[in-house]
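Colleague:
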Amino acid sequence: MTLPAPRRFISGDLTMLVRRWERVAGGGTDTFVLVHGIGVSSRYFERLAGELRAHGTVFAVDLPGFGSAPRPPRQLTIEEGAALLADFLRSEQLDGAVLVGHSMGTQFVVELAAVHPNRLAGLVLAGPVVDERAPMPWQQGMRLSRDMLRESPTANWIVATDYLRSGIRWYLTELPVMLGYRTEERLPLVSVPVLVLRGSRDPIAPRGWAARLARTARDGRMIEVDGAAHVVQHVEPERTASILAAFAREAKQTTAPVNVTRESLPPAQRNRQP
1 MTLPAPRRFI SGDLTMLVRR WERVAGGGTD TFVLVHGIGV SSRYFERLAG ELRAHGTVFA
61 VDLPGFGSAP RPPRQLTIEE GAALLADFLR SEQLDGAVLV GHSMGTQFVV ELAAVHPNRL
121 AGLVLAGPVV DERAPMPWQQ GMRLSRDMLR ESPTANWIVA TDYLRSGIRW YLTELPVMLG
181 YRTEERLPLV SVPVLVLRGS RDPIAPRGWA ARLARTARDG RMIEVDGAAH VVQHVEPERT
241 ASILAAFARE AKQTTAPVNV TRESLPPAQR NRQP
């Protein structure tokens, strides 16, 4: 499946690109908005979006300065990125969407949900950052290096080529923004249901950190996908889509108590943890 052609969304002096996958005939009616991490783009959501089409309409963005989106004239803060995403949701009348952030993308969606909770049905934090036990650039670099040894060749290719496209200067411009945002402090302000998703072999979002975020959220749960590393949505798109669709259905219902769950092979087998 080829990537849909992107269109520009402009708000003030910020421009992001948006790709849209229409739901398949007879598919679900949910709406998913996918937000990438630092250095990369919507490309690594292609497989996931193809699977999610069975459950609804899918949007994936290239934030300013990433992918083919024009670089802004200044550093992009988490607050500005969240406001840009909120403007997009408003313009498209996408109230009730499920926002899916990956890596640094989780910070943008947490901030959006903290400020504009009425626009969302639920929030998915896939491979969330930044683990408070590794707040320094060199620590994150070490974890990224370990992750590359665990990823598939195609995942590494997409990430590496996107890094080259966005450029080292822009990456280093945004890195302090990512390292300075305290996800664990903003997450308690989020009132919508939250799913923390991680691959069981993800060194960037370790189990303890992910579980802490799930407990920190007002209505949180955690699911691990066995065998996957950081780019879980690329290497396990079918399982990830199934998890997201189930969460979207749950998020529409009454708020459930906070819990932590684990997905193992096969996908149907999950062991609840206190």
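Using the UniProt record's numbering, you'd call the opening residue of the sequence shown number 1 and step up by one each time.
In this text, a Cβ means the ideal position worked out from N, Cα and C, and glycines have one as well.
(1) Helix, strand or coil for aspartate 62 per DSSP?
(2) Could you check the C-alpha separation between leucine 25 and leucine 244 for me, to the nearest Å?
(3) In the DSSP assignment, what residue or residues form a beta bridge with tryptophan 21?
(4) Given valine 225, which residues of its chain have a CB within under 8 Å of its CB, disregarding the five upstream and five downstream residues?
(5) Where are the beta strand (DSSP E) runs, 3 residues long or more, that stay fully inside the segment 191 to 232, in chain order?
(6) Quick check on DSSP: helix, strand or coil for serine 103?
(7) Grouping DSSP H, G and I as helix and E and B as strand, with all else coil, what is alanine 246?
(8) Beta-carbon within less than 7 Å of glycine 81's beta-carbon, same chain only, minus the 5 sequence neighbours each way: which residues are those?
(9) In this structure, how does DSSP classify methionine 16 when only helix, strand and coil are distinguished?
(10) Going by other Cβ atoms of all chains shown within 10 Å of its Cβ, with 16 needed for buried, is arginine 212 buried or exposed?
(11) How about alanine 69 and valine 58: do their beta carbons lie closer than 9 Å?
(12) Between residue 348 and glycine 141, is the Cβ-Cβ spacing less than 9 Å?
(13) Taking buried to mean at least 16 other C-beta atoms within 10 Å of its own C-beta, is isoleucine 168 buried or exposed?
(14) Looking at the structure shown, is valine 98 part of a helix, part of a strand, or coil, going by DSSP?
(15) In the structure shown, what three-state DSSP assignment does alanine 5 receive?
(16) Which same chain residues, not among the five before or five after isoleucine 204, have their C-beta less than 8 Å away from its C-beta?
(17) Can you have a look at tryptophan 138 and say buried or exposed, based on whether 16 or more other CB atoms are within 10 angstroms of its CB?
(18) Where do the N-terminal and C-terminal ends of the alpha helix (DSSP H) with valine 35 fall, by residue?
(19) Between the alpha carbons of alanine 113 and phenylalanine 9, how many angstroms are there, rounded?
(20) Quick one: what's got a C-beta closer than 8 Å to valine 192's C-beta in the same chain, skipping five residues either side?
Modeller: Checking against the coordinates, here is how it stands:
(1) Stepping through the sequence shown from its first residue, residue 62 is reached at position 62. In the structure shown, aspartate 62 sits in a strand (DSSP, three-state: E or B).
(2) For the purposes of this step, residue 25 is taken as the residue at position 25 of the sequence shown. For the purposes of this step, residue 244 is taken as the residue at position 244 of the sequence shown. The sequence given here places alanine at residue 25; leucine does not occur at that position. Between alanine 25 and leucine 244, the C-alpha separation is close to 19 Å.
(3) Translated into the one-based positions of the sequence shown, residue 21 becomes position 21. Per DSSP, Val58.
(4) For the purposes of this step, residue 225 is taken as residue 225 along the sequence shown, with counting starting at 1. Correct list, in chain order: Leu197, Arg198, Gly199, Ser200, Val232, Glu236, Arg239, Thr240, Ile243, Glu263.
(5) 194 to 199, 220 to 225
(6) Taking the sequence shown and counting its residues from 1, the one referred to as residue 103 is at position 103. Coil at serine 103, not helix or strand.
(7) Against the sequence shown, residue 246 aligns to sequence position 246. Of the three classes helix, strand and coil, the one that applies to alanine 246 here is helix, per DSSP.
(8) On the sequence shown, residue 81 is found 81 positions in, with the first residue counted as 1. Same-chain partners within the cutoff: Leu63, Phe108.
(9) Here residue 16 refers to the residue found at position 16 of the sequence shown. Strand.
(10) Within the sequence shown, the letter at position 212 stands for residue 212. Buried.
(11) By 1-based counting over the sequence shown, the position of residue 69 is 69. By 1-based counting over the sequence shown, the position of residue 58 is 58. Not a contact, by the Cβ cut-off of 9 Å.
(12) Nothing can be reported for residue 348, as the shown portion of the chain is limited to 1 through 274.
(13) Here the question's residue 168 lines up with position 168 in the sequence shown. Burial call: exposed.
(14) Along the sequence shown, one-based indexing puts residue 98 at 98. Here valine 98 sits in strand by DSSP.
(15) Taking the sequence shown and counting its residues from 1, the one referred to as residue 5 is at position 5. Alanine 5: coil per DSSP, three-state reduction.
(16) As a working note, residue 204 is residue 204 in the sequence shown. If we look at isoleucine 204 and ignore the five residues flanking it on each side, its Cβ neighbours are Ser103, Gly127, Val129, Asp131, Gln140, Arg143, Leu144, Asp147, His230.
(17) Looking up residue 138 in the sequence shown gives position 138. Exposed: under 16 other Cβ atoms inside 10 Å.
(18) Within the sequence shown, numbered from 1, the residue matching residue 35 stands at position 35. Where valine 35 is concerned, there is no enclosing alpha helix (DSSP H), although the beta strand (DSSP E) it sits in stretches over 30 to 35.
(19) Along the sequence shown, one-based indexing puts residue 113 at 113. Along the sequence shown, one-based indexing puts residue 9 at 9. Cα to Cα, alanine 113 sits roughly 20 Å from phenylalanine 9.
(20) By one-based count along the sequence shown, residue 192 stands at place 192. Within the same chain, valine 192 has close Cβ partners Ala113, Pro117, Leu120, Ala121, Gly122, Leu123, Asp219, Ala251.
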